[in-house]
């Protein structure tokens, strides 16, 4: 029987160095923006009790869980998202931190669903949450983080839009139009853009409503909630108001959202939402059995869809490519021109590394010209030639094609550090 070649599981990814570098670019951007806004980083376990997710989302997510019984007979799940873990952690530690708490996390999530463009069974999310502030100013701060993240990735006003809504607007609509099953009705609104017109009309008829009447409500700016209007003024003061658009068709599906909700879309509509979030004031109280009751607002952005968006947007990709060029594995290549000086070359390599430089060299005897070719492939900008003349060292600037001679390692390092 022929040997089987092992491949990654469907929906899971390998990160070879080139892919890992792109991932690191996205991570670095996420962290940079979060830190500028005063967010601090936390982490949660990959595995949680299945009951935690069932209490948060009911049976809604059961078919998507990577769920199993471990050797201790515990029913556990690989985390499908971070909000439940965040709520658990905050419930146990919130007394140790001043409010509001501004936390972010970058980590893997797992969902058993059909792999497709921008969506896998294993993915990485950037999660940012503000805990302990119920004023719409917190929602505005969070949406600003989302907008600035997009700008930091190289996108412009022409590339994306933040479409925001507020469940309060719809709850008021339901109250005024005798809609008792608000959850079911909001489910119709959530799919109003994706369903065919005749399907929408049939669904709305159950609530004695017409499609024309509902669309008239959606298209009237006067139906924006007071919270949305406050958020809009807040963003306008920051110069970010142009990125925000009232869109009452945005109704996040999970039942725990209680106020303002938003999603970020590419303006060409070539992909699903690249980020989304909203206010979930009741979750901590629910998951802690009433022990902790703090208002929360948060959003998440996945690495797969945002990478696709970057790679399909020329100016965003150019920004990423420029960053990647700075991430070479080697700044300085030490060329061993005389094998009798290899031990001295190793000493130089070590001192340069201790000085903070990325240094490479040929570990075995290699032709002189081949060492230079390797230096070029590794992206080195400088080469040090160590030959029979040692302690004399020749420094070659590979980009400027200039040369210098040094006889003392301290003077060489001082020059390299400039």
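In my numbering, the protein residues as written are 239 to 656. All C-beta atoms, glycine included, are put in the ideal place defined by N, C-alpha and C. Treat the numbers as computed from the prediction; the structure is a model and nothing was measured.
In whole angstroms, give me the CA-to-CA distance for residue i and residue j.
i           : j           : result
residue 246 : residue 361 : 14 Å
residue 374 : residue 489 : 18 Å
residue 260 : residue 568 : 17 Å
residue 278 : residue 630 : 49 Å
residue 516 : residue 337 : 19 Å
residue 574 : residue 600 : 8 Å
residue 356 : residue 545 : 8 Å
residue 315 : residue 539 : 21 Å
residue 383 : residue 359 : 26 Å
residue 675 : residue 543 : The structure shown does not extend to residue 675, since the chain spans only 239 to 656, so no value can be given for it.
residue 644 : residue 602 : 25 Å
residue 451 : residue 267 : 43 Å
residue 717 : residue 262 : In the structure as shown, the chain begins at 239 and stops at 656. Residue 717 is therefore absent and cannot be evaluated.
residue 492 : residue 424 : Summary for residue 492: the model assigns pLDDT 49, below 50, so the residue's position carries little reliability; its value from the coordinates is reported in the next sentence. Using only the alpha carbons, I get a separation of about 10 Å.
residue 239 : residue 251 : Here the model assigns residue 239 a pLDDT of 49, short of 50, so the residue's position is not dependable and the matter cannot be decided.
residue 500 : residue 471 : 16 Å
residue 476 : residue 571 : 47 Å
residue 328 : residue 400 : 28 Å
residue 639 : residue 620 : 9 Å
residue 351 : residue 586 : 53 Å
residue 537 : residue 409 : 22 Å
residue 275 : residue 487 : 29 Å
residue 613 : residue 258 : 21 Å
residue 481 : residue 307 : 46 Å
residue 342 : residue 458 : 35 Å
The beta strand (DSSP E) with residue i in it runs from where to where?
i           : result
residue 315 : 313-316
residue 305 : 304-307
residue 571 : 570-574
So what's residue i in DSSP terms, helix, strand or just coil?
i           : result
residue 411 : helix
residue 539 : strand
residue 479 : helix
residue 565 : coil
residue 461 : helix
residue 639 : coil
residue 623 : strand
residue 603 : coil
residue 530 : coil
residue 489 : coil
residue 265 : helix
residue 484 : strand
residue 549 : helix
residue 466 : helix
residue 245 : coil
residue 496 : coil
residue 273 : helix
residue 255 : helix
residue 509 : coil
residue 239 : Low local confidence applies: a pLDDT of 49 at residue 239 is under 50, so the model's placement there is unreliable, with the coordinate-based value given in what follows. Note: residue 239 maps to coil in three-state DSSP.
Identify the residues that DSSP records as bridge partners of residue i: which are they?
i           : result
residue 341 : 278 and 367
residue 221 : Examination of residue 221 is not possible in this model, given that the chain is present from 239 through 656 alone.
residue 286 : 315
residue 634 : 621 and 641
residue 362 : 346
residue 598 : 571
residue 292 : For residue 292, which the question treats as bridged, DSSP gives no partner whatsoever.
residue 357 : 354
Which first and last residues belong to the alpha helix (DSSP H) in which residue i is found?
i           : result
residue 521 : 521-525
residue 650 : 647-655
residue 606 : 606-615
residue 592 : 580-592
residue 328 : 321-331
Hey, would you say the C-beta of residue i is under 8 Å away from at least one heavy atom of the ligand NAD?
i           : result
residue 433 : The ligand NAD is not part of the structure shown, which contains no ligands of any sort.
Query raised in the report: Which runs of the alpha helix (DSSP H) spanning at least 4 residues fall entirely within the stretch 370-457, listed in chain order?
Result: Runs of the alpha helix (DSSP H) spanning 4 or more residues and lying entirely within the stretch 370-457 occur at 374-390, 405-414, 420-428, 435-443 and 449-456, in chain order.
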